[in-house]
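So the structure is just underneath, and the comments pick up after that.
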Amino acid sequence: MVAEVAAGWTMADEQAGHVELSLVPEPESVATSFTDLYTADFGRLVRLATLLTGRPEAARDVVQDAFVRLHLKWASVRNPAAYVQRSVVNGCRSHHRQSARDASRAQAAAQHTASTDALDVDHTFATLAALSHRERAVVVLKFYEQRSEAEIAELVGCRPGSVGPTVQRALVKLRQLQ
Amino acid sequence: MDDHELIARLHRAADTAGEPSGDLAEVELGAARVRGRRRWATGVVAAMLVAGAGGAGFGLGRAAGDSDRATSADGDLVEAPSTAPAATDAPTDTIPAPDPEPATTAPTVTMAPAIGTVTIEGDDMATATDYAVDPAHPGAGSYTLVYERPLPNDLRVRVLEGVTYDMGPFEVDWSPAAWCYPNVETRITIDGTDVVDVSGASIYADASVRPTAVWAQRADVGMADGHPIRLLIAQAPAAANVTVRWADGPTDTTDVVDGLAVLAVDGSDSWNVEYELDVVTADGTTTLTSAEIDRAGNGADADWRDACQPPPPALPEPGEQPADPAAAEAALQADFQGLWDDIRAGVESGRLDDWTGIAEAIEGVQTGGFSDVAATAVHVVEEVSFQSPTEAWFRYGIDTANGYFGDRYGTAVLTDSGWQFPRAVPCNDLGLAGGGCHPAEAPIYPPSWYEVNGASGYGECSADGYDCWNCTVYADGTEECFDSRGNPIDAPPSP
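Laid out in structure tokens, this is it:
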């Protein structure tokens, strides 16, 4: 497998667990303390995690857990905002893997009729649940968070070149569920 | 469902979360519990080692009940007098032998009010070294005390050296130059009456390999205690003395011991503040800026890229050359720059073979979260390979305020009005900045890329959604598959 070296990221960082997400822009107002970051980003991250898990209550737990991990590593994390975002995406993956309900939701989505239900929020969650975690993450990060492909690759942990094909695969699946 | 509808639906779904409000105290408590579990798991041996670490801790707060050691919390480290480090007393000691005092005093620790007040029981003052030897933490293992410096107000900073990494080869027949990456992990501990904390820094086994022969890394400690201290861990093998001058004012000077020095001033936010470092050697004083020292990992530095990143996939072998290759290359570069001028100006010139969706894509960039960075982008053609007088492959990079996006590839054909580029070139670049083209375009890679990275890839999940895997298909038909954690798997299971 080819090792990837993204700009601003070193093998030493990776091996030390200090992964830098250099392509992920700093938040608009750079938080100078844990409290500032928590206050500024909690709501946004819960909404992101809601899309990734399909459940607001689970989303809140994922984000709280991510901030606990950040708190534990606060002194050694150079880009806390990026760290906690990636923690949330990873946390949602764990949730996704544990959620056996996703499969039945996908089946339910497939049986949905179009028209009125097409705009229904539940249907959105159900169709997202039909995607793999990676597909769901790239769709949400691209179309909801308006992230660039490079940012998405870093947040999801894949090669930048695979983001586009993953998006296309996901969109095909979503359209099949319409 | 088009993109706009998808975006609208995602926003409506996300809004079901309402305006969630967090509970900071819950986070603090959760972190405290994890630390407690770490201590428990580390066991009696670690506890003995911890006790011997002289009361080092992991930033949970000061010992409220330790009043006989109390000193003023407002002690100023700025312009702190240099004190000869004591590392020479015990430069090769491993973590010192147990000292029962901290464990037996087992102070109650109070979290700093700035992040909520939570009182927890136990010996958290001892946690710093516990954390350093925590087997669950990356880089855990045997640590050697290599540096110690007393600071004002009964503070002490220490450097414990841990794992040395082998930094290559990254690929067959290629390794980065020795100066590219720091390869020794350290734990930086600070302890005193008011502050206990641990951080980390990556340093070099031999910093003299770097072009500047100097390396330095920033670390912020003491934030959880309400007493932030900004550290600069400096390696200067040939120096006797170093002085840091932070751009926002504070300075510190100290001696270099065995090539290492830790400079400390009051404050935090070290990663957002530039500095100058005066390095005093027998030959005189050299002043380096933080930008010069931070050079490792800077993809915008051509020397760094050449020495530290794997060589890019080769362009196809040249074919019949233009009559004047240099002039043809200059014309291609000029037309490539002109293409981007046309795109920004909305002029549908002959420099692009198909303008479908380009205007929408550039609008997506300009209204997206990456617009500021995209506005700084400069396209740099690095190499051109003419396949014929009218056909070319080229490699280029995009220099932006957020880094250099190199190893990008394009093709061009010569028309009556100059060099013309395929729609995929700007579409791939705009996609990088959040402006996708519709219909989408596949990335452009030279044939040599596919020899290494495979001709195609796919991802699948098991029917119950529990297990997912991604596979790459190579030109010879072989596949390489990884599970969702990136672990290689022999063969993909049936979906």
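Protein chains in written order, with the numbering used here: chain W, 1 to 178; chain E, 179 to 673. Where a beta carbon is used, it is the ideal one built from N, C-alpha and C, also for glycine. These figures come from a predicted structure and were not determined experimentally.
Check: CB contact check: Glu149(W) to chain E, cutoff 8 Å; Outcome: yes
Check: Reduced DSSP category for His557(E) - H, G, I as helix; E, B as strand; rest coil; Outcome: strand
Check: is_contact[Leu155(W), chain E] using C-beta, thresh 8 Å; Outcome: no
Check: Neighbour-count burial assignment, Ala170(W), 16 or more Cβ in a 10 Å radius; Outcome: buried
Check: 9 Å Cβ cut-off: residues of chain E touching Gly91(W); Outcome: In chain order: nothing, as chain E lies at least about 13 Å away.
Check: Per DSSP, the bridge partner or partners of Pro328(E); Outcome: Arg334(E)
Check: Classification of Ser148(W) by the beta-carbon crowding that lies within 10 angstroms, buried from 16 upward; Outcome: buried
Check: is_contact[Ala126(W), chain E] using C-beta, thresh 8 Å; Outcome: no
Check: Close-in-space but distant-in-sequence residues of the same chain around Thr390(E) (CB under 8 Å, 5 per side omitted); Outcome: Leu466, Glu470, Ile471, Arg473
Check: Meets three-Cβ-pair contact criterion under 8 Å: the stretch 322-332 of chain E and the stretch 435-454 of chain E; Outcome: yes
Check: CB contact flag (Leu610(E), Ala539(E), <8 Å); Outcome: no
Check: From Asp369(E), Gly340(E), Pro600(E), Arg586(E), residue whose alpha carbon lies closest to that of Ala492(E); Outcome: Arg586(E)
Check: Under the three-state DSSP convention, the category Ile185(E) falls into; Outcome: helix
Check: Buried or exposed (CB count within 10 angstroms, at least 16 for buried), Trp352(E); Outcome: exposed
Check: Residues that Cys659(E) bridges to, as DSSP identifies them; Outcome: Cys649(E), Ile667(E)
Check: Interface residues of chain A facing Arg86(W) [CB-CB closer than 9 Å]; Outcome: The structure shown contains no chain A; the protein chains it does contain are W and E.
Check: CB contact flag (Phe564(E), Pro503(E), <8 Å); Outcome: yes
Check: Beta-carbon separation (whole angstroms), Gly613(E) vs Val543(E), contact threshold 8 Å; Outcome: 4 Å
Check: Span of the beta strand (DSSP E) around Arg47(W); Outcome: Premise fails: Arg47(W) lies in the alpha helix (DSSP H), 34-53, not in any beta strand (DSSP E).
Check: Thr432(E) in three-state terms, based on DSSP; Outcome: strand
Check: Contact with chain E by Leu141(W), beta-carbon distance below 8 Å; Outcome: no
Check: Euclidean distance between Cα positions of Tyr574(E) and Ala394(E); Outcome: 32 Å
Check: Contact test: Asp661(E) Cβ vs the ligand ADP heavy atom, cutoff 7 Å; Outcome: Ligands in the displayed structure: none, and consequently the ligand ADP is not present.
Check: Chain E contact for Pro80(W) (CB, 8 Å cutoff); Outcome: no
Check: DSSP-derived helix/strand/coil call for Trp393(E); Outcome: strand
Check: Contact set between Trp676(E) and chain W, taken where Cβ atoms lie within less than 9 Å; Outcome: Outside the shown range of chain E (179 to 673) lies residue 676(E), about which nothing can therefore be said.
Check: N-terminal and C-terminal residue of the beta strand (DSSP E) that Gln413(E) is part of; Outcome: 407-413
Check: CA nearest to the CA of Glu560(E), picked from Ala523(E), Asp520(E), Phe514(E), Ala602(E); Outcome: Phe514(E)
Check: C-beta neighbour in chain W for Asp484(E), strict 8 Å; Outcome: no
Check: Min CB distance His189(E) to chain W below 8 Å; Outcome: yes
Check: 8 Å Cβ cutoff, Arg47(W) in contact with chain E; Outcome: yes
Check: Contacts around Val138(W), its chain only, beta-carbon distance under 7 Å, and the 5 residues preceding and following it disregarded; Outcome: Ile152, Val156, Val163, Thr166, Val167, Ala170
Check: Residues near Ala355(E) in its chain [Cβ-Cβ closer than 7 Å; skip 5 each side]; Outcome: Ala485, Cys486
Check: Through-space distance from Asn331(E) to Val373(E), alpha-carbon basis; Outcome: 10 Å
Check: Cβ-Cβ distance between Asp456(E) and Thr421(E) below 8 Å; Outcome: yes
Check: C-beta neighbour in chain E for Val68(W), strict 8 Å; Outcome: yes
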